[in-house]
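> Residue numbers for the sequence shown follow this note's numbering, beginning at 1 and rising by one.
Don't be surprised by glycine CBs; every beta carbon is placed ideally from N, CA and C.
Predicted model only: the values in this text are computed from it and were never measured.
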Amino acid sequence: MTVTELKNTINNGEFDEKFQLLYSKENIPAARERYLNAVFEFEKIFGSEGSVSVFSVPGRSEISGNHTDHNHGKVIAASVDLDIIAIARRTDGNTVRVKSAGFDMDTVDINVRDGYERFTSCALIAGVIDGLEKRGFEICGFDAYTTSNVFKGSGLSSSAAFENMIGTILNHFSNDGKIDFVTISQISQYAENVFFGKPSGLMDQIACAAGGFVGIDFEDPTEPVVKTIDFDLTKEGYSLAIVNTGGNHANLNDEYAAITVEMKKICKFFGKSYLRELTKEDVLNNVTALRASCGDRAILRALHFFNENQRVEKQLKALENKDLGTFFENVTASGRSSLQMLQNIFCCASPEDQGLTLALSLCPEILDERCVWRVHGGGFAGTILVFVPQDTVNKFKTDIEKFFGDGSCFILKVRTVGAVCLSK
1 MTVTELKNTI
11 NNGEFDEKFQ
21 LLYSKENIPA
31 ARERYLNAVF
41 EFEKIFGSEG
51 SVSVFSVPGR
61 SEISGNHTDH
71 NHGKVIAASV
81 DLDIIAIARR
91 TDGNTVRVKS
101 AGFDMDTVDI
111 NVRDGYERFT
121 SCALIAGVID
131 GLEKRGFEIC
141 GFDAYTTSNV
151 FKGSGLSSSA
161 AFENMIGTIL
171 NHFSNDGKID
181 FVTISQISQY
191 AENVFFGKPS
201 GLMDQIACAA
211 GGFVGIDFED
221 PTEPVVKTID
231 FDLTKEGYSL
241 AIVNTGGNHA
251 NLNDEYAAIT
261 VEMKKICKFF
271 GKSYLRELTK
281 EDVLNNVTAL
291 RASCGDRAIL
301 RALHFFNENQ
311 RVEKQLKALE
321 NKDLGTFFEN
331 VTASGRSSLQ
341 MLQNIFCCAS
351 PEDQGLTLAL
361 SLCPEILDER
371 CVWRVHGGGF
381 AGTILVFVPQ
391 DTVNKFKTDI
401 EKFFGDGSCF
411 ILKVRTVGAV
421 CLSK
């Protein structure tokens, strides 16, 4: 549809049913305003000629499987109702132009793959284009205006949402929407690993693309087993709360890397490459030798990996059976394991900075026996995840923000729709 037709369609409420599915009924007015603003910005930058399309890709929350994917483990994640949206138009040229709100224009020649600075959006765009072409898919030029409320540093995967957005636009503009979300996710990971320069796993991209709750088994990362779960958390009376404790990730690269390094020490002891090639019994039967060779923390982190895989299986079955009690029991067990065994809640070099530990300890004081909590994202600093009964959401937000400041708590819903083209 044209820019004018799109404006009229949004104003007339013809998108309201889609907005309700993505953001809930009470957020329809805000969604209308947000999308209309995006259309106006697109028109201002790129003009009103031709046909435009509308896209949305959600952020994600890890639910269980903390730091397991890089050792071919199992995870559960879920899409959330914060997203990146795009107004886009296919062009006849060889240029992709993406103007993201608050940032300079990104311009990429679809025939040029070299020369894009690492850790930039242009590198991500070029990487997705290269990944699509290497797999035999079609590519084309396009213009897009994007705006995102998937805030950076939140553990909600803003970069994965952006990569998936580029892949989703090209999927619909050049490939008739025939590329499945797992393939789009793998291409997005390729872009982030090879072009952007960040050695991320695949969980973020799949969780953003899939929609709803999703279980992922990375035993073979080239062919992950992905299982979507039909479970509506909102109908069960719960929302997600992300609490930002204000920590700084700037100097934590060594802490993150140490988790993988220590797990690899355990693998090397047995002549293996990944913990998934071992069993929990292999580790338990060799604790004495492993303590001397790898150290105690490496053993604890390996045991966390095996226990997390078991928890994921229990949680998937619980979700399928609508057994919220068992599911929540294992969410908190995952959080305790991150605290006690994985030990990614604070940095040993800075014991005075324990925002995550403090937040996890304060949540039971607020929610009593109904508290379900865990670390959110990579850990050491940043955010925690809390499942909050909807009848206490406002009180929880007010109480937790007394400790961490106004705007530190974000109330989210699990979104059942993943990466999507809303109109052509």
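Excluding the five sequence neighbours on either side, which residues of its own chain have a C-beta within less than 6 Å of the C-beta of G201, listed in chain order?
So the list reads D69, H70, once near-sequence residues are dropped.
> When the Cα atoms are used, what is the spatial distance from L300 to N111?
48 Å
> If you draw a straight line from the C-alpha of L170 to the C-alpha of F42, how long is it?
18 Å
> Inspect the beta-carbon positions of I366 and L356 and report whether they are closer than 8 Å.
no
> At 3 residues or longer, what runs of the beta strand (DSSP E) sit wholly inside the region 224-293?
225-229, 238-244
> Looking at L132: is its Cβ nearer than 8 Å to the Cβ of E236?
no
> For T146 versus V96, is the C-beta spacing smaller than 8 Å?
no
> Can you tell me the Cβ-Cβ gap for I76 and G59, rounded? I've got them flagged as a contact below 8 Å.
That belief does not hold up - the Cβ atoms of I76 and G59 are roughly 16 Å apart, past 8 Å.
> Inspect the CB distances between the region 18-34 and the region 413-423 and report whether three or more fall short of 8 Å.
The region 18-34, when compared against the region 413-423, does touch it at the 8 Å Cβ threshold.
> For the alpha helix (DSSP H) that contains E163, what are its first and last residues?
158-174
> Assuming K265 and C294 form a contact by the criterion Cβ under 8 Å, report the distance between their Cβ atoms to the nearest whole angstrom.
4 Å
> Thinking C-beta only, is F196 closer than 8 Å to A123?
yes
> Give the DSSP-derived three-state secondary structure of I10 in the structure shown.
Look at I10 here: in three-state DSSP terms it is helix.
> What residue range is occupied by the uninterrupted beta strand (DSSP E) comprising D109?
105-109
> Assign R301 to one of three DSSP states: helix, strand, or coil.
Helix at R301.
> With DSSP as the reference, please indicate the residues paired to F213 in a beta bridge.
A78, I229
> What is the rounded straight-line gap between the Cα of D232 and the Cα of V287?
42 Å
> So A161 and V57 are supposed to be a Cβ contact under 8 Å. How far apart are they, rounded?
A161 to V57, Cβ: 5 Å. Contact.
> Taking all protein chains shown into account, do 16 or more other C-beta atoms lie within 10 angstroms of the C-beta of T4, making it buried, or fewer, making it exposed?
Sixteen is the threshold: since fewer than 16 other Cβ atoms of the shown chains lie within 10 Å of the Cβ of T4, the residue is exposed.
> For A123, which of helix, strand or coil comes out of DSSP?
helix
> Per the DSSP calculation, F55 is bridged to which residue(s)?
A86, C421
> Which residues in the same chain have their Cβ closer than 7 Å to the Cβ of A333, if we skip the five residues on either side of it in sequence?
R311
> With DSSP as the reference, please indicate the residues paired to H376 in a beta bridge.
T383
> Going by DSSP in three states, T392 sits in which element: helix, strand or coil?
helix
> Considering only residues of the region 313-367, which uninterrupted alpha helix (DSSP H) runs meet the minimum length of 4 residues and lie entirely inside it, listed in chain order?
Here the runs fully enclosed are 324-337, 355-367.
> With DSSP as the reference, label G131 as helix, strand or coil.
helix
> Which of helix, strand or coil does DSSP assign to L21?
helix
> Mind checking whether I179 and A209 have CB atoms under 8 Å apart?
no
> Locate the alpha helix (DSSP H) running through K44, then write down its first and last residues.
28-46
> CB-CB under 8 Å to Q354, same chain, minus the five flanking residues each way: which ones, in chain order?
So the list reads I345, F346, once near-sequence residues are dropped.
> Please report the straight-line C-alpha distance between G379 and L339, rounded to a whole angstrom.
10 Å
> With DSSP as the reference, label K397 as helix, strand or coil.
helix
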